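The structure under discussion appears below in the form of structure tokens.
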Amino acid sequence: MGISNSKTIACEQIQCDPHISLNTLPRHNLSLNEERIEPFNLIWLDEHSQDNSLDSLRTQTLFREMNNNNCLFFDRSDQFLFEIEKLTMEHRKLLVVMSGSFAKEVLSKIHNNISTIVIFCRNYNKYTSLMDKHLNVVEICTEHEKLKSCIQNELLSLKFNLFTNQKFKTIRPLNSSNDIENSGAYFSYILFIELLKQMPQTKQAKNIMLKKCEDYHRRNKAQMKSIELFRNTYTSNKAIDWYTRDSFVYRLVNSAFRTEDVTLWYIFRYYVVDLCIQLENVHKEQNIQNPLTLYRGQAQMPTYELEYLKSNIGCLVSINGFFSSSIDIDIAKNFIAGAVDTDDYKVVIFQITVDGIRLQNTVFVDINRYLNEPTDEQEVLFNIGSVFKIESVKYDSDLGLSIIKMKASDDGTYEIKKRIQLKKRDFRKDNINLMFGRLLIDMNEYSKAESYFQMMLQVLPKSHIDLALVYDHIGDLNMRITNWKEAFTNFNLAYEIKKKILPLNHLIIAITLNNIGNYYKAIGNYVQALEYYTQALQCKNDRFNMARTQLNIGAIYAINNDYENAFSLCIEARDILQQIHPCPYDEIIHCQGIIGDIHLTQQEYNIAADYYLTAFEMSKKFLLTSNRLRVNCIKSLAKLYNKRNAKQLAIDFCRNKLSFYEKYLPENHIIIGHLSMILGEFYEEIDDRKINSLQRALRIFEKNVHLEYATTANCLIMIAEYYQKQNVYERALKYYIRAIEIRKKIYPKDHSILLETQSLIDLVTSQT
């Protein structure tokens, strides 16, 4: 088994009989190029596409997120037309978004070279005539949400690239056999599959999946026949059969899992759930006890993945998605026939040992035994979430490839399984559809969560109680990305709906009151925040919400220097949280941090260090690597070291953590921006590393500007202050103006922080 590099006949050339056996067309004939889905180039032509304004940055970020950075931005028509001509000669697939004014200028010059054009403008009616005149103009959009929906419909979720710019797509590192550093991520993805299993297998879910497949394969007659065959003949007890044949199912499901895009998993849930369940059932029936040695060939393993495996012998990895292997090494070799190492990709063979008698949580199926007949591939198929221990990675000069020896393992999965079982209790009592969006938030998939909840707003009846809960979740999202003004709007929408249909002391009204309190705390209005928190406590609360509200009140007391009451409330809240199952680790970590802050403010540094370190160790064990709470823990410890006159220790600590994140996260991940900004705070004014760190942070924030409004503004202010101290006033003014533009988006009018920022602008203006 493996990822082949051999050349085959194009799919359209294969005559596909609709009554063909499910076991024909073996998958070892697939080439790597057939498995890889070619991305579109998403192009934006607009007079302001190169600007640093908030709207332009938001549009750029939207495009990059939607199309894996396969984006081009032009603000001149001549450059655009030159590039279009070159790309069309290369037979590249193009989707162009252009302003109305440019549309009038260039549409007649490009004719039908581009199949899909969207006009993005302020005045819809002004350009409707262009849709009638040019058939390739498919839509006119006037706002970002509609633009996003329009592009998604055309791109057809084309995040199916086998190898993207993000790291560890084929393999997810789990760090060590004793303490899975990255178990939070593993837990979230397995929990997501469990959540999908709780959703009903409806005809609508089937049609959604097949519609996406039809859209993608609309020009491939053979695959369209296969999709129709699936529609008419598929049953849940044939999920394995469909996966083990050469079909659209195998290709698209595999590609979806390699992207780690859970929204794609959701689209394929109808089939994925059936396959998971059938694999589990057949695994129990087969009850394979004898040891197995299995092989898998991979023609193009990213070099960075191979290097990771080499440097982590004895550590654990999980494979993204379903994992095919073969009993016969010659079959694995066939998959890599003709492949050679390059700088970016390496040829490998996995040699996997499986000791069934020792494994309790690893699910695998012998396909020959399942089909009760021999197959060419002699396949053994592992279920999602299988974990393997890396035993060795050695280069075989005779074969001209690397051999990766690993064994199937249950190490580290027992605690995960226990947590899954506890979490599944929530599935029985909570709204499954809302839990899906909630899980996306917990996984830091904010853009996907926002899209999901916006979709829920469209499908729910206007009087449905879940509508208020959706607004609560959108408001929570807004708070996490520090877009406080939008958060306040959504919390108020939730509150107005709830007041009309629920008693004023109802639990879910308390949730919204607490949320509104969070808004006022975020903008520094602590009197109003305390008022809403107090109202929330007077409602009927469960233990979790009571503890969370007490914690928020404790934080207000600490800000107001009432340390005794703050400490008492936080300890009481922590004790309540520790009694809740499943344990709300994120809230406990947050609580530990607040208590640490209380002691830090009182210069009780040793006690503060104990709380901060406890929070940090918990965050490493229970949270995703990219969770913002982990960064808050790092900030708190660095701040503590600095307060103790150990600035160099603070710098070294931050640099060490930055190196860790640079190893495991994409280079433009928001966490790397945060850590760079912290370093920028600590470096001296005369140290070039200060401005370099701040500029690096800003570049990252600007790529994620809609995720970090307040932080981006704060970074701009720090850079402006740096240049102001260097007497480079014009440059300082530029950054101050950009900062106030963002702050106006998120703070209420006449807020003190807007007045302060304007004062800085006035001062620098007078100095220029």
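First residue of the sequence shown: 1, per the UniProt record's numbering; consecutive thereafter.
Don't be surprised by glycine CBs; every beta carbon is placed ideally from N, CA and C.
Small disclaimer: the values here were computed from a predicted structure and weren't measured.
- In summary, residue 661 is buried, with 16 or more beta-carbon neighbours lying within 10 Å of its beta-carbon over all protein chains present.
- Per DSSP, residue 490 is one residue of the alpha helix (DSSP H) stretching across 484-501.
- Around the C-beta of residue 711, 16 or more other C-beta atoms lie within 10 Å, and the residue is accordingly described as buried.
- Here the stretch 320-334 lies against the stretch 294-305, with 3 or more beta-carbon pairs under 8 Å apart.
- In the structure shown, residue 478 falls within a helical segment according to DSSP collapsed to helix, strand and coil.
- Under a 10 Å Cβ-count criterion, residue 617 is classified as exposed, with fewer than 16 other Cβ atoms of the shown protein chains found around its own Cβ.
- In this structure, 52 is the residue among 45, 44, 41, 52 with its C-alpha nearest to the C-alpha of residue 703.
- Restricted to the stretch 271-317, the beta strand (DSSP E) segments that are unbroken, complete and at least 3 residues in length are 292-302, listed in chain order.
- Boundaries around residue 45 are those of the beta strand (DSSP E), 41-45, since no alpha helix (DSSP H) includes it.
- According to the DSSP secondary-structure assignment, residue 199 is paired through a beta bridge with no residue.
- With respect to the C-alpha of residue 192, the residue from 238, 87, 267, 207 having the closest C-alpha is 267.
- Spanning the alpha carbons of residue 663 and residue 495 requires a straight line of approximately 44 Å.
- Shown here, residue 236 sits in a helix according to DSSP, grouped into three states.
- Here DSSP, grouped into helix, strand and coil, assigns residue 396 to strand.
- Spanning the alpha carbons of residue 307 and residue 605 requires a straight line of approximately 41 Å.
- Its chain contains 574, 577, 578, 618 as the residues whose beta carbon lies nearer than 8 Å to that of residue 588, once the 5 sequence neighbours on both sides are disregarded; these appear in chain order.
- The bridge partners DSSP lists for residue 351 are 295, 405.
- In the three-state DSSP reduction, residue 241 falls in the helix class (H, G or I).
- By the beta-carbon neighbour count (other beta carbons within 10 angstroms, threshold 16), residue 386 is buried.
- Here DSSP, grouped into helix, strand and coil, assigns residue 390 to strand.
- The beta carbons of residue 444 and residue 476 sit no closer together than 8 Å.
- Shown here, residue 580 sits in coil according to DSSP, grouped into three states, outside any helix or strand.
- A direct Cα-to-Cα measurement between residue 302 and residue 331 gives close to 22 Å.
- Fully enclosed beta strand (DSSP E) runs of no fewer than 3 residues occupy 137-141 of the stretch 126-151, in order along the chain.
- Inclusion of residue 757 and residue 740 in the CB contact set at 8 Å is warranted, their separation being smaller than that value.
- Residue state for residue 330 is assigned as helix, using DSSP reduced to three classes.
- Put simply, the backbone Cα of residue 681 is about 7 Å away from that of residue 690.
- For residue 616, the uninterrupted alpha helix (DSSP H) run begins and ends at 605-622, by DSSP.
- Per DSSP, reduced to three states, the secondary structure at residue 268 is coil, with no helix or strand assignment.
- The stretch 305-319 and the stretch 264-278 do not touch, with fewer than 3 CB-CB distances between them shorter than 8 Å.
- In the DSSP assignment, residue 764 falls within the alpha helix (DSSP H) that extends over 752-767.
- Remark: C-beta atoms of residue 383 and residue 213 do not approach each other more closely than 8 Å.
- In the DSSP assignment, residue 116 falls within the beta strand (DSSP E) that extends over 116-120.
- Pairing residue 627 with residue 510, the inter-Cα distance amounts to about 26 Å.
- DSSP places residue 546 inside the alpha helix (DSSP H), whose first and last residues are 543-559.
- Here DSSP, grouped into helix, strand and coil, assigns residue 661 to helix.
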